[in-house]
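In our numbering, the protein residues as written are 247 to 411. Using N, Cα and C, we set each Cβ at its ideal position, and we do this for glycine too.
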Ligand code: SF4
Ligand code: SF4
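Written out as structure tokens, the structure is:
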């Protein structure tokens with residue numbers, strides 16, 4: 247059985263840790279620029295023991311930004327025309343980004359499986375981003391994501407509060 251934090255606890259837990267995470271960033275910004283390998287190692291360790299099917303919180307609450315290529319890939323998987331995918335599932339939000347019309351995502355099942363997993367948008371593939379290069383550039387975004395994603399919460403927590411790095 248994988249060990250993971252219940253996403254429902256994150257609003258309280260992340261709010262408690264956020265001041266320490268921000269202090270760490272201010273103190274270690276330069277050091278963080280050379281720490282991608284350590285952050286990626288934490289990401290790997292924590293994702294290995296996390297079962298996203300017991301969570302699904304990103305698919306329930308965050309709207310991925312959807313590109314034209316994503317639309318084409320989804321259309322192929324759904325055997326629909328791209329224009330029909332757009333009119334049935336997508337909208338332009340207040341920032342001008344293409345997103346799903348409704349959240350939770352229309353492709354999220356009750357069992358937390360994604361109905362278009364192999365053809366899901368690039369943003370879904372890349373979430374929660376804690377394994378990307380130049381992590382320091384998305385540190386502040388990760389602080390926000392820690393309110394949603396147990397993986398991000400644990401990466402920040404181990405990096406900053408329990409850090410021996
Ligand atoms: S497309 Fe799939 S992975 Fe992306 S938000 Fe929807 S259910 Fe989640
Ligand atoms: S990526 Fe994070 S928020 Fe999304 S299902 Fe996995 S643990 Fe939950």
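Assuming residue i is part of the beta strand (DSSP E), what are its boundary residues?
i, result
"residue 345", "344-346"
Whose C-alpha, out of the options, is nearest the C-alpha of residue i?
i, options, result
"residue 254", "320, 398, 349, 301", "301"
"residue 324", "287, 312, 366", "366"
"residue 387", "251, 264, 252, 259", "264"
"residue 334", "250, 342, 320", "320"
Identify the continuous alpha helix (DSSP H) that holds residue i and give its terminal residues.
i, result
"residue 402", "396-402"
"residue 256", "256-278"
"residue 320", "314-324"
"residue 311", "Here residue 311 belongs to no alpha helix (DSSP H), and DSSP marks it neither H nor E."
Quick one: measure Cβ to Cβ for residue i and residue j, integer angstroms, because I've assumed they're closer than 8 angstroms.
i, j, result
"residue 407", "residue 266", "6 angstroms"
"residue 332", "residue 345", "11 angstroms between Cβ atoms; not a contact."
"residue 382", "residue 278", "4 angstroms"
"residue 394", "residue 308", "6 angstroms"
Can you pull the DSSP bridge partners for residue i?
i, result
"residue 336", "346"
"residue 360", "354"
When the Cβ atoms of the segment 350-358 are set against those of the segment 290-305, are three or more pairs found closer than 8 angstroms? The segment 290-305 and the segment 350-358 touch, with three or more beta-carbon pairs separated by less than 8 angstroms.
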